[in-house]
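Just below is one structure, and these are the notes that go with it.
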Amino acid sequence: MDDELRQQFQALSTLVESVKESLEREIDGVKVSLERQIESVKDSLERQIGGLSQSVQRMEARLDKIAAGAHYVTRLVEWSEAQDAFQRDLLRRVQVLESRLDKIQG
Numbered sequence: 717m718d719d720e721l722r723q724q725f726q727a728l729s730t731l732v733e734s735v736k737e738s739l740e741r742e743i744d745g746v747k748v749s750l751e752r753q754i755e756s757v758k759d760s761l762e763r764q765i766g767g768l769s770q771s772v773q774r775m776e777a778r779l780d781k782i783a784a785g786a787h788y789v790t791r792l793v794e795w796s797e798a799q800d801a802f803q804r805d806l807l808r809r810v811q812v813l814e815s816r817l818d819k820i821q822g
């Protein structure tokens, strides 16, 4: 009976060792596959982030131009309002002078 148990134990030990080696190979395969997938995802994200970075830089440049344009439009509006006030004053003065001239001539 001892010999039979030893043989069964030996067979079981061999089976366990075989399963262990098989699992180690499978785990190594999964590890390599995961590393490849992670690297692929990393590369993809780096490309996408690079593209987004370029888009953001273009938007920043456009916003800077818009801000500068808005600044100059504001200055133009202020100048235009000052010119309107100056012309109203000049027109009022001309009307006063015309009124005086009409009184003198008239």
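According to my numbering, the sequence shown holds residues 717 to 822 in order. Idealized CB from N, CA, C, for every residue including glycine. This one's a predicted model, so the numbers in the text were calculated from it and none came from an experiment.
Taking only three categories from DSSP, how would you classify Met717?
coil
If you reduce the DSSP assignment to three classes, tell me which class Gly766 lands in.
helix
If you reduce the DSSP assignment to three classes, tell me which class Gly785 lands in.
helix
Give the DSSP-derived three-state secondary structure of Gly745 in the structure shown.
Note: Gly745 maps to helix in three-state DSSP.
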